[in-house]
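Protein chains in written order, with my numbering: chain A, 55 to 118; chain B, 55 to 118.
Every residue, glycine too, gets a C-beta built ideally from N, C-alpha and C.
So the structure is just underneath, and the comments pick up after that.
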DNA sequence: ACATAATGTAAAATATGCTTGACATTTTGA
DNA sequence: TCAAAATGTCAAGCATATTTTACATTATGT
């Protein structure tokens with residue numbers, strides 16, 4: 055399922071998918087896939103995304 | 055680096071590595087490796103571990 | 001001391017995260 | 001309206017998470 059929380063947090067920082075990708079050191083397609091939710095990123099990548107977006111793991115990645 | 059938080063939470067539930075592995079549906083070696091910290095689990099596995107151990111992602115997997 | 005459970009570790013095989021490159025579509029702003 | 005930026009998506013390949021099997025070591029209880 056889609057992860058709209060990342061998309062929202064990214065919008066709050068005025069960053070494009072490409073900006074975020076470069077900031078965390080992965081490809082743009084990887085960020086796109088994470089937001090689209092069709093796969094299962096590593097915890098290391100999740101933490102890197104959280105740090106760039108000033109959010110916690112629970113805020114961005116906990117599932118309801 | 056080692057993840058002693060999982061080990062502690064597991065001890066608090068009186069579960070062996072094997073118990074936790076079966077509860078989350080992975081091999082015992084995977085749990086051992088996660089606790090040993092020599093690799094980088096998927097967010098889905100982290101969430102499964104959190105649910106079994108009644109903890110949050112931030113409590114068990116946020117790095118300091 | 002002994003048996004058993006729990007843990008640490010290793011090698012080979014498989015599954016999948018992630019990259020690179022490329023192209024199509026949508027959105028944004030001048 | 002038009003060009004550029006942002007996003008969606010696909011396929012092939014590489015990197016690495018995870019499994020399976022197996023064995024050694026360390027704890028635990030009787």
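One Cα belongs to residue 71 (chain A), the other to residue 86 (chain A), and the distance between them is close to 7 Å. Listed in chain order, the non-local C-beta contacts of residue 67 (chain B) below 7 Å within the same chain comprise 107, local neighbours out to five positions each way being set aside.
Rounded to the nearest whole angstrom, the CA to CA distance from residue 74 (chain A) to residue 110 (chain A) is 16 Å.
At a cut-off of 7 Å, the C-beta of residue 112 (chain B) has a neighbouring C-beta in chain A. Contact between residue 97 (chain B) and residue 114 (chain B) does not hold, since the beta-carbon distance rounds to 12 Å and is not under 8 Å. Cβ proximity to chain B below 7 Å picks out 94, 95, 96, 97, 98, 100 and 101 from the segment 79-101 of chain A. Under the rule that a run must span 4 or more residues, the alpha helix (DSSP H) segments found entirely inside the segment 70-108 of chain A read 71-78, 82-90 and 97-107.
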